[in-house]
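Novice: Residue numbers (this note's numbering): 44 to 325.
I have a structure I would like to understand better, so I am pasting it below and will then ask my questions one at a time.
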């Protein structure tokens, strides 16, 4: 199974293009789930939802849909994984009703998290429920230097059955900072090497595309073969498509799957494409 999605499901600028033109905010997740079978849930990184919101999310998607949610930055960045047992327990208790639809829990660590934090990372992994799939994204340069630090990190993940999240921002940084959206994205997204490795059964790629959809092909061409290899190995890849403003992210995902050449629901008509069109008599 290949899980595919974007970093958001609530996007007003998708109305009339991907969502139906009259789609209400409360219905966006339902229509999103008609296009994709997963989503990169970044909202949980900044704030925890209400229990009733989690119930609504669960009811809005089919059983085959898989959420991926980020561990709150209070745990990953502010507490730096130190003495966070209670905070993590509270967060897990909040999301427990959604466990059956959680494809992966994502731990995004800041660039300040160096190899000196490996013991903290290992301790954190032991606190996660065994029934949940965990992915970890690192941004410190030593984790990309192909030295002892990266080897120890990868070995830790492989031994624990944890996925190393891969972020490919090469397309984003290939274009000049010509718009506010590109400038903002280039300031926020990490410019780290793309070290390709599957440390467990659910490798995740976060692909940050450039504005020219066609130009992305040169960057994701090697990923097409890698995804095929992972699928043939029986792995379950997750691939999430970003652009600077995410305006065309669904089109980038559809183009990728067309080039990959396998069936996927993103190839089906978007809800907006299925919506009856009004014709004006002249």
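A virtual CB, placed ideally from N, CA and C, is assigned to each residue, including glycine.
#1: Applying the criterion that 16 or more other CB atoms from any shown protein chain within 10 Å of the CB defines a buried residue, is residue 183 buried or exposed?
#2: Using the rule of at least 16 other Cβ atoms within 10 Å of the residue's Cβ for burial, across every protein chain shown, is residue 46 buried or exposed?
#3: Note down the Cα distance separating residue 115 from residue 125, rounded to an integer number of angstroms.
#4: Tell me which residues share the same chain as residue 318 and place their Cβ nearer than 7 angstroms to its Cβ, disregarding the 5 neighbours each side in the sequence.
#5: Out of 277, 287, 239, which one is the CA nearest neighbour of residue 266?
#6: Please list, in chain order, all residues of the same chain as residue 66 whose beta carbon is under 7 angstroms from its beta carbon, the five residues on each side excluded.
#7: To the nearest angstrom, report how far apart residue 133 and residue 258 are at their CA atoms.
#8: Would DSSP call residue 85 helix, strand or coil?
#9: Can you say whether residue 61 is buried or exposed, counting buried as having 16 or more other CB atoms within 10 angstroms of its CB?
#10: Could you name the residues of the same chain whose beta carbon sits closer than 8 angstroms to that of residue 292, not counting the 5 residues immediately before and after it, in chain order?
#11: Between residue 147 and residue 53, what straight-line distance do the alpha-carbon atoms span, to the nearest angstrom?
#12: Would you call the segment 188-201 and the segment 217-235 touching, i.e. three or more CB-CB distances under 8 angstroms?
#13: Would residue 176 be called buried (16 or more neighbouring beta carbons within 10 Å of its own) or exposed?
#14: Between which residues of its own chain and residue 263 is the CB-CB distance below 7 angstroms, once the five residues before and five after are set aside?
#15: Compare the C-alpha of residue 109 against each of 121, 82, 89, 135 and name the closest.
#16: How many Å lie between residue 203 and residue 320 at the Cα?
#17: Identify the residues that DSSP records as bridge partners of residue 48: which are they?
#18: Which term fits residue 219, buried or exposed, when burial requires 16 or more other beta carbons within 10 angstroms of its beta carbon?
#19: Tell me which residues share the same chain as residue 324 and place their Cβ nearer than 6 angstroms to its Cβ, disregarding the 5 neighbours each side in the sequence.
#20: Less than 7 angstroms between the C-beta atoms of residue 87 and residue 137, yes or no?
#21: Which first and last residues belong to the alpha helix (DSSP H) in which residue 114 is found?
#22: Suppose you measure from the CA of residue 246 to the CA of residue 112; what does that come to, to the nearest Å?
#23: Short of 6 angstroms in beta carbon distance, which residues of its chain neighbour residue 120, apart from the five on each side in sequence? Order them along the chain.
#24: So residue 178 and residue 210 are in contact, right, with Cβ under 8 angstroms, and what is the actual spacing, rounded?
#25: When the Cα atoms are used, what is the spatial distance from residue 195 to residue 312?
Specialist: With the structure as the only source:
#1: Within the chain shown, numbered from 1, the residue matching residue 183 stands at position 140. Answer is buried; the Cβ neighbour count reaches 16.
#2: For the purposes of this step, residue 46 is taken as the residue at position 3 of the chain shown. Counting the other CB atoms within 10 Å of its CB gives residue 46 a total of 16 or more, which places it among the buried residues.
#3: Translated into the one-based positions of the chain shown, residue 115 becomes position 72. Translated into the one-based positions of the chain shown, residue 125 becomes position 82. Between residue 115 and residue 125, the C-alpha separation is close to 13 angstroms.
#4: Here residue 318 refers to the residue found at position 275 of the chain shown. Excluding residues within five positions, the ones whose Cβ falls inside 7 angstroms are 63, 64.
#5: By one-based count along the chain shown, residue 266 stands at place 223. When only C-alpha atoms are compared, the closest one is 239.
#6: As a first step, residue 66 is located in the chain shown; it is residue number 23 there, counting from the start. Closer than 7 angstroms at the Cβ level, and outside the excluded window around residue 66, lie 58, 74.
#7: As a first step, residue 133 must be located in the chain shown, where it is residue number 90. As a first step, residue 258 must be located in the chain shown, where it is residue number 215. Roughly 44 angstroms separates the two Cα atoms.
#8: Here residue 85 corresponds to residue number 42 of the chain shown, with the count starting at 1. Three-state DSSP puts residue 85 in coil, outside helix and strand.
#9: Start at 1 with the first residue of the chain shown, and residue 61 comes out as number 18. The residue in question, residue 61, is buried, as its Cβ has 16 or more Cβ neighbours within 10 Å.
#10: If you number the chain shown from 1, residue 292 lands on position 249. Hits under 8 angstroms: 49, 50, 252, 284, 285, 286.
#11: Counting from 1 along the chain shown, the entry for residue 147 is found at position 104. Counting from 1 along the chain shown, the entry for residue 53 is found at position 10. Looking at the two C-alpha atoms, the distance is approximately 20 angstroms.
#12: no
#13: Locating residue 176 in the chain shown gives position 133, counting from the first residue. With 16 or more other Cβ atoms within 10 Å, it is buried.
#14: Counted from its first residue, the chain shown places residue 263 at position 220. So the list reads 250, 299, once near-sequence residues are dropped.
#15: On the chain shown, position 66 is the one that residue 109 refers to. When only C-alpha atoms are compared, the closest one is 82.
#16: Looking up residue 203 in the chain shown gives position 160. Looking up residue 320 in the chain shown gives position 277. For residue 203 and residue 320, the distance between alpha carbons rounds to 52 angstroms.
#17: As a first step, residue 48 must be located in the chain shown, where it is residue number 5. Beta-bridge pairing links residue 48 to 283.
#18: Against the chain shown, residue 219 aligns to sequence position 176. The residue in question, residue 219, is exposed, as its Cβ has fewer than 16 Cβ neighbours within 10 Å.
#19: As a working mapping, residue 324 is identified with position 281 in the chain shown. Summary for residue 324: the model assigns pLDDT 48, below 50, so the residue's position carries little reliability; its value from the coordinates is reported in the next sentence. So no residue of the chain qualifies.
#20: Here residue 87 corresponds to residue number 44 of the chain shown, with the count starting at 1. Here residue 137 corresponds to residue number 94 of the chain shown, with the count starting at 1. In this structure, residue 137 does not lie closer than 7 angstroms to residue 87 by Cβ.
#21: The residue you call residue 114 lines up with position 71 of the chain shown. Here residue 114 belongs to no alpha helix (DSSP H), and DSSP marks it neither H nor E.
#22: For the purposes of this step, residue 246 is taken as the residue at position 203 of the chain shown. For the purposes of this step, residue 112 is taken as the residue at position 69 of the chain shown. One C-alpha to the other measures close to 15 angstroms.
#23: Position 77 of the chain shown, counted from the start, is the residue given in the question as residue 120. For residue 120, where only same-chain residues beyond five positions count, the Cβ hits under 6 angstroms are 153.
#24: Numbered from 1 along the chain shown, position 135 holds the residue referred to as residue 178. Numbered from 1 along the chain shown, position 167 holds the residue referred to as residue 210. Going by Cβ atoms, the distance from residue 178 to residue 210 rounds to 11 angstroms, so no, they are not a contact pair.
#25: To locate residue 195, count along the chain shown from 1; it is residue 152. To locate residue 312, count along the chain shown from 1; it is residue 269. Between residue 195 and residue 312, the C-alpha separation is close to 45 angstroms.
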